[in-house]
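Data first, discussion second: the structure below is written as structure tokens.
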Amino acid sequence: MFHFPSLPELLLSLPAVLWAITFHEFCHGYMAYLLGDPTAERAGRLSLNPLAHLDPVGALMLLVFRFGWAKPVPIDTRYFKKPRRDLFLVSIAGVTGNILTAFAIGLLIRLFPSFFLGNSALRLFMFLMVAINVGLAVFNLIPIPPLDGSKILYVLLPPQWLEKYFWLEQYGFIILMVLLALGVIQAFMNPIVFLLIRWIL
1 MFHFPSLPEL LLSLPAVLWA ITFHEFCHGY MAYLLGDPTA ERAGRLSLNP
51 LAHLDPVGAL MLLVFRFGWA KPVPIDTRYF KKPRRDLFLV SIAGVTGNIL
101 TAFAIGLLIR LFPSFFLGNS ALRLFMFLMV AINVGLAVFN LIPIPPLDGS
151 KILYVLLPPQ WLEKYFWLEQ YGFIILMVLL ALGVIQAFMN PIVFLLIRWI
201 L
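In UniProt numbering, the protein residues as written are 1 to 201.
This is the structure:
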């Protein structure tokens, strides 16, 4: 899963990466919009235009290492009627969009196997669509700020633990980078990503 891709694989990965990060952030923004928050729409982020959501470093990480991030969609919880529930729904929406994409691609492959097996480039592209969307989903479920998993954890943590967790948020990106450099994230993600890919395909 975590290997430096060849040039053909990089080229085929590019549209898969752009779709994965764009749909992920769109789902966050659209869910917030459905729950009464117009912030993403006003910021021009309720869009399927990749340029609206692109974070160059996060996209490069996703392109090369199969995990990464996009520019977070802005939300304002003051618009939510039930802030804890609605924050959970917004946070899980991006991951859900990636998993649904992977399942949709997997279904196409199952329904029309001869069509995809007969074209090696198309077969690789479809596999990359599944792998990249699954990788992005699993990575974002890690409960370290600023990933989606941290927002989900906010909702689930007892109130007396929240202050310490909010304090941790300022160091979240550093912690994430250290864990990536040590290979901890990869060791955690690999089995889950492989299992999901095998299940989907």
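Even for Gly, the Cβ is constructed at its ideal location relative to N, Cα and C. In this text, all values refer to a predicted model and were calculated from it rather than measured experimentally.
From V138, W19 and L35, pick the residue whose C-alpha is nearest to that of P191; which is it? V138
So V130 packs on G106, CB below 8 Å; how close in whole Å? 6 Å
Which same chain residues, not among the five before or five after M31, have their C-beta less than 8 Å away from its C-beta? L89, V90 and A93
At least three beta-carbon pairs within less than 8 Å, the segment 44-63 to the segment 114-124: no
So what does DSSP say about Y171, is it helix, strand or coil? coil
Whose C-beta lies closer than 8 Å to the C-beta of residue 278 among residues of the same chain, with five residues either side of it excluded? Because the chain spans 1 through 201 in this model, residue 278 falls outside it and cannot be assessed.
D86 lies in the alpha helix (DSSP H); which residues open and close that run? P83 to L111
When we look at the beta-carbon of A16 and count the other beta-carbons within 10 Å, is it buried (16 or more) or exposed? buried
Please go through the same chain and pick out, in chain order, the residues whose beta-carbon is closer than 6 Å to the beta-carbon of P50, but skip the five residues on each side of it. L18 and T22
Counting C-beta neighbours from all protein chains within 10 Å, is the total for S13 16 or more, i.e. buried, or is it exposed? buried
So, is A163 buried or exposed, given that buried needs 16 or more other C-beta atoms within 10 angstroms? Per the sequence presented here, residue 163 reads as Glu, with Ala not at that position. Burial call: exposed.
Expressed to the nearest angstrom, what Euclidean distance is found between the alpha-carbon atoms of I200 and H24? 19 Å
From D76, I144, Y154 and K71, pick the residue whose C-alpha is nearest to that of S47; which is it? K71
Beta-carbon contacts of L179 that lie in its chain and below 8 Å, excluding the five residues immediately before and after: I144 and I185
Helix, strand or coil for F67? Go by DSSP, reduced to three states. coil
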